[in-house]
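**Q**
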Amino acid sequence: MTAPVHYSIRPCSPQSHCFEITLKVAKPAKKGQVFTLPAWIPGSYLIREFSRHIVSIQASSAGKEVGLCKLDKHSWQAEPVAGSLTLVYQVYAYDLSVRGAYLDEERGFFNASSVFLAVEGYESVACTVEIRAPKGKAFADWKVASSLPALETDRNGFGVYRAGDYDELLDHPVELGAFHSVSFKACGVPHQFVVSGRFRGDLKRLARDTKKICEYQIKLFGTPAPFERYVFMLYVGKDIYGGLEHRASTALVANRDDLPQSSEEAISDGYLKLLGLISHEYFHSWNVKRIKPAAFSPYDLSREGYTRLLWAFEGITSYYDDLALLRCGLIDSKRYLGLLAQTISGVERGAGRLKQTLEESSFDAWIKYYRQDENSPNSIVSYYTKGSLAALALDLTIRLQTDGRLSLDDVMRALWQKWQADGQGLAEDEWERIAQQVTGLDLHAFFDSALRSTADLPLANLLATQGLDMCWDYADHAGDAGGIGTVADNRQPRASLGVKTAADPLGLRLVNVLDGGAAQLAGLAGGDILIALDGLKVTDLDKMLARYGVGETVTLHLFRRDELLVREASLQASPRTCCRLQLRGEDAGWLRG
């Protein structure tokens, strides 16, 4: 062992979902070495207590057992020793998300924040990591995929890797298994796309389309790219979706049916959603992995890191993710505007937008956005979705007030140039100051309204300057989320209870009861199980309500926990919350870049 800190990880028991980690410290602290495991992972703002997955842990030195004292929920201190110190511990890994660690007989995956203890005092020191293969013929085809720099590995990628410090170690997740892989270059930079899980799909097309996204974004910020190589790690399954950005890679999960098929030429809705996710996480390579709040520079992973700027990092990224698909030629303006209309509709349908500002949403992500409950639509607004609309409004405001000479693109490039120059995080008021310096505009009123008030964004007026008409319509059907088109003159409001539901063995579970709706006024609550409407079993609620008129009273039977309740509700008119966008003439210049 040549490095001061050396990790070794192996899938010791795929059947019981356990990794075994060996951690060797050449010169432990004289007073007793302290070890800690992060409580959260950058990009996912919730205390996750990764240490709860440590099953067992032992320390030794020179072949003799060393005592370990647990200091708090995620810290241990070893007794003082004269020579080197070794820890051996097992981590339970059965989190199928992108945030933790997973292991079974089919694949393995881990973020270092879930499995590698930090060695106090050595966080800024380079370390090495040996990734070992699981034992047995069943795992003979397993390989390693990671953006972590390799030192000495075999043809399947098992072997020794290096990280410049603990922060770098945390930023390179690892995929293990008999995955599929396809490679391409974007602006001369090697990219690898690995896909695990059971699927049938056209990975060559996935690579071609992803390359277009990557090249657009690299050119937007300016070459060269901020990494020497990049790895996409995608696991496909059923009813899953999500991504987590890293400095030279991203971990993704999506539905297997969202992959493109060889026989398809068009982009399906599912594939479009996947491409949007890819675009979103890749844009984070600049916006949050490098350009970031001062609160994250450096990260303190033992406690919450508060910032009012998540709207700028997640919201602006959410604005560019779909816009990049348009500008790189994967979709046309009508498809893009349909996505935009759906985002506008989604924000409008949440009463939380009238109660929480974007800065408050950013600051309270730890306790509200990542801990949503049945009342969340009534009490919070998403810094992703409303943040993306604030970015749109800012972009159009800059274009309008500079006669098209400048845009949000110029602000993003200036932020990137600042990071390249000093590598420092942004103070809480610095993002706004830089935007005003770059554009030469007084944007105080805009930011006060968009970020620090609950006023609706002036999107209709701003879109009109781009040749777009924005109108509000009644939903044409239960799943109508808005889109391209005009408002139908003869469309009437539907009778509504004002609820969001999910299937339940007994009937329909009320996931959300919306503010001011018929259900809330009748005393219904989130979690109630609706079983009958006017004496008939509830199966398809929307179909049943279609036979009623606005203002009619219905009798509802429902279970609240184990109690049968009967309530009467006066049906209300469904609100005009479907955004319709209509482009007049040719594409607006803002759509083209």
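In the numbering used here, the protein residues as written are 1 to 593. For glycine and all other residues, C-beta sits at the position ideal for the given N, C-alpha and C.
By alpha-carbon positions, which one of ARG107, GLY517, GLY100 ends up nearest to VAL115?
**A** The option with the nearest alpha carbon to VAL115 is GLY100.
**Q** Within this structure, are the beta carbons of GLY482 and ARG335 separated by less than 8 Å?
**A** Cβ distance not < 8 Å, so GLY482 and ARG335 don't count as in contact.
**Q** Determine contact between the stretch 152-162 and the stretch 189-199, defined as no fewer than three beta-carbon pairs at a distance below 8 Å.
**A** With the cut-off at 8 Å, the stretch 152-162 and the stretch 189-199 do not touch.
**Q** In three-state terms, what does DSSP make of CYS214?
**A** It is helical.
**Q** Using beta-carbon positions only, say whether LYS289 and GLU245 come within less than 8 Å of one another.
**A** In contact: LYS289 and GLU245 (Cβ atoms closer than 8 Å).
**Q** For GLU65, write down the residues that DSSP places opposite it in a beta bridge.
**A** Per DSSP, SER60.
**Q** I think GLY108 touches PRO11, with their Cβ atoms under 8 Å apart; what is that distance to the nearest whole Å?
**A** Sure, about 5 Å apart at Cβ, within 8 Å.
**Q** Does the structure place the stretch 17-33 close enough to the stretch 83-92 that three or more beta carbon pairs sit under 8 Å?
**A** Output reads yes: the stretch 17-33 touches the stretch 83-92.
**Q** For the beta strand (DSSP E) that GLY237 lies in, which residues bound it at each end?
**A** Start and end: 230-237.
**Q** Could you spell out where the alpha helix (DSSP H) holding ASP403 opens and where it closes?
**A** Unbroken run through ASP403: none, as it is neither H nor E.
**Q** Whose C-alpha, out of PHE296, ILE316, GLN261, is nearest the C-alpha of ASN287?
**A** Nearest C-alpha to ASN287: ILE316.
**Q** Would you mind listing the alpha helix (DSSP H) stretches within the stretch 433-517 that are 4+ residues and don't spill past its ends, in chain order?
**A** DSSP runs (the alpha helix (DSSP H)) wholly in the stretch 433-517: 444-452, 459-464.
**Q** By alpha-carbon positions, which one of LEU325, ALA59, LEU426, GLU120 ends up nearest to ASP167?
**A** Of the candidates LEU325, ALA59, LEU426, GLU120, the one whose C-alpha sits nearest the C-alpha of ASP167 is GLU120.
**Q** Could you tell me which whole alpha helix (DSSP H) segments of length 4 or greater appear in the stretch 139-213?
**A** Fully enclosed alpha helix (DSSP H) runs of 4 or longer: 166-170.
**Q** Just curious, the beta strand (DSSP E) that PHE19 is in, first and last residue?
**A** Run containing PHE19: 18-25, per the beta strand (DSSP E) assignment.
**Q** Where do the ends of the alpha helix (DSSP H) carrying GLU360 lie?
**A** Where GLU360 is concerned, the enclosing alpha helix (DSSP H) stretches over 358-363.
**Q** Measuring from the CB of LEU252, is there a heavy atom of the ligand PLP at a distance below 7 Å?
**A** The ligand PLP is not part of this structure, which contains no ligands at all.
**Q** Can you tell me whether ASP72 is helix, strand or coil according to DSSP?
**A** Three-state DSSP puts ASP72 in a strand.
**Q** Whose C-beta lies closer than 6 Å to the C-beta of TYR241 among residues of the same chain, with five residues either side of it excluded?
**A** Only ALA254 meet the Cβ criterion.
**Q** For GLU130, which three-state DSSP category applies?
**A** GLU130 falls in the strand class under three-state DSSP.
**Q** First and last residue of the alpha helix (DSSP H) that includes ALA341?
**A** Counting along the chain, the alpha helix (DSSP H) containing ALA341 begins and ends at 333-348.
**Q** Roughly how many whole angstroms lie between the Cα atoms of ASP141 and LEU392?
**A** For ASP141 and LEU392, the distance between alpha carbons rounds to 47 Å.
**Q** Anyone know if the C-beta pair for PHE110 and VAL55 falls short of 8 Å?
**A** No, the Cβ-Cβ distance between PHE110 and VAL55 is not below 8 Å.
**Q** Name the residue from ASP257, CYS471, LYS24 whose alpha carbon lies nearest to the alpha carbon of ILE9.
**A** Checking every option, the nearest Cα to that of ILE9 belongs to LYS24.
**Q** Strictly by DSSP, which residues pair up with GLY243?
**A** Bridge partners of GLY243: LEU252.
**Q** Name the one or two DSSP bridge partners that SER44 has.
**A** Note: SER44 sits in a beta bridge opposite ILE41.
**Q** Between ASP258 and the rest of its own chain, which residues show a CB-CB distance below 7 Å, the 5 nearest in sequence each way excluded?
**A** Closer than 7 Å at Cβ, skipping near neighbours: GLY270, TYR271, LYS273, LEU274.
**Q** Compute the Euclidean distance between the alpha carbons of GLY425 and PRO298, then round it to the nearest angstrom.
**A** Their Cα atoms are separated by approximately 8 Å.
**Q** Under the DSSP definition of a beta bridge, which residues are partnered with ILE9?
**A** BP columns for ILE9 point to ILE21, ILE131.
**Q** Note down, in chain order, each residue of its chain lying with its Cβ closer than 7 Å to the Cβ of LYS212, except the 5 sequence neighbours on either side.
**A** Here the set comprises CYS328, GLY329, LEU330.
**Q** Of the choices ARG155, VAL182, LEU396, GLY136, whose alpha-carbon is the least far from that of ALA588?
**A** The candidate whose alpha carbon is nearest that of ALA588 is LEU396.
**Q** Mind checking THR223: buried by the 16 CB within 10 Å criterion, or exposed?
**A** Label assigned to THR223: exposed.
**Q** Within 10 Å of its beta-carbon, does LEU457 have 16 or more other beta-carbons around it, so buried, or fewer, so exposed?
**A** Answer is buried; the Cβ neighbour count reaches 16.
**Q** Between the stretch 38-57 and the stretch 133-147, can you find at least three pairs of beta-carbon atoms closer than 8 Å?
**A** No, because fewer than three Cβ pairs between the stretch 133-147 and the stretch 38-57 fall closer than 8 Å, the two stretches do not touch.
**Q** Under 8 Å, with one C-beta from each stretch per pair, do the stretch 563-580 and the stretch 494-513 reach the 3-pair mark?
**A** The stretch 563-580 vs the stretch 494-513: in contact.
**Q** Please list, in chain order, all residues of the same chain as THR501 whose beta carbon is under 8 Å from its beta carbon, the five residues on each side excluded.
**A** The residues are LEU508, ARG509, LEU510, VAL511, LEU530, LEU541.
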